[in-house]
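Numbering (the working numbering), first residue to last: 3 to 160. Cβ coordinates follow ideal geometry from the N, Cα and C atoms, glycine included.
Below, the structure is given as structure tokens:
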């Protein structure tokens with residue numbers, strides 16, 4: 003049955019938006035320490051912070067730790083959550099290299115970067131589940147971003 007395997011994505015789905023909660027911290031610390039790459043652009047930018055990585059990994063890992071045992075899933079939710087954030091950071095790095103400013107839309111990259119990072123670090127669920135996750139994530143990601151924008155945790159609705 004494929005549907006319990008779909009729950010593999012819970013830690014990634016929680017970690018990615020949870021990282022934006024660092025926006026409410028009075029002081030945030032960028033992972034790139036404000037450094038610039040050889041092209042003169044920031045390595046990642048102010049949007050990727052240690053606080054966001056910690057919050058996202060903790061909440062994503064906790065969500066998976068609560069859900070996985072209920073459905074007999076034996077994946078490591080902490081690796082899935084952390085991988086999701088690494089995937090998002092890798093996409094941010096790539097976007098900076100091609101000259102896109104922070105917050106600029108990059109269709110499909112923005113919606114799937116965290117999924118591929120989660121796959122890379124947390125393993126891939128069944129092939130059928132992986133394909134379904136890849137197909138539904140852009141729609142769910144867009145809806146979540148609109149909600150985040152409306153409630154004020156995101157600066158843009160994409």
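Going by other Cβ atoms of all chains shown within 10 Å of its Cβ, with 16 needed for buried, is residue i buried or exposed?
| i | result |
| --- | --- |
| residue 143 | buried |
| residue 27 | exposed |
| residue 117 | buried |
| residue 48 | exposed |
| residue 66 | buried |
| residue 163 | A question about residue 163 goes unanswered here, because the residues of the chain that appear run from 3 up to 160. |
| residue 145 | exposed |
Output the boundary residues of the alpha helix (DSSP H) element that contains residue i.
| i | result |
| --- | --- |
| residue 124 | 111-124 |
| residue 156 | Counting along the chain, residue 156 falls outside any alpha helix (DSSP H), and DSSP gives it neither H nor E. |
| residue 97 | 79-99 |
| residue 13 | 12-20 |
| residue 67 | 52-69 |
| residue 6 | 5-8 |
Residue i and residue j look like a contact to me (Cβ under 8 angstroms); what is the Cβ gap, rounded to whole Å?
| i | j | result |
| --- | --- | --- |
| residue 63 | residue 124 | So it is not a contact: roughly 10 angstroms between Cβ atoms. |
| residue 56 | residue 14 | The Cβ separation is near 16 angstroms, so there is no contact. |
| residue 58 | residue 18 | 7 angstroms |
In three-state terms, what does DSSP make of residue i?
| i | result |
| --- | --- |
| residue 32 | strand |
| residue 44 | strand |
| residue 38 | strand |
| residue 104 | coil |
| residue 141 | helix |
Are the stretch 102-114 and the stretch 129-143 touching by the rule of at least three beta carbon pairs closer than 8 angstroms? Yes: the two stretches touch, three or more of their Cβ pairs being nearer than 8 angstroms.
The stretch 85-98 touching the stretch 31-47, judged by at least three CB pairs closer than 8 angstroms: For the pair of segments examined, the stretch 85-98 was found to touch the stretch 31-47: the number of CB pairs separated by less than 8 angstroms reaches three.
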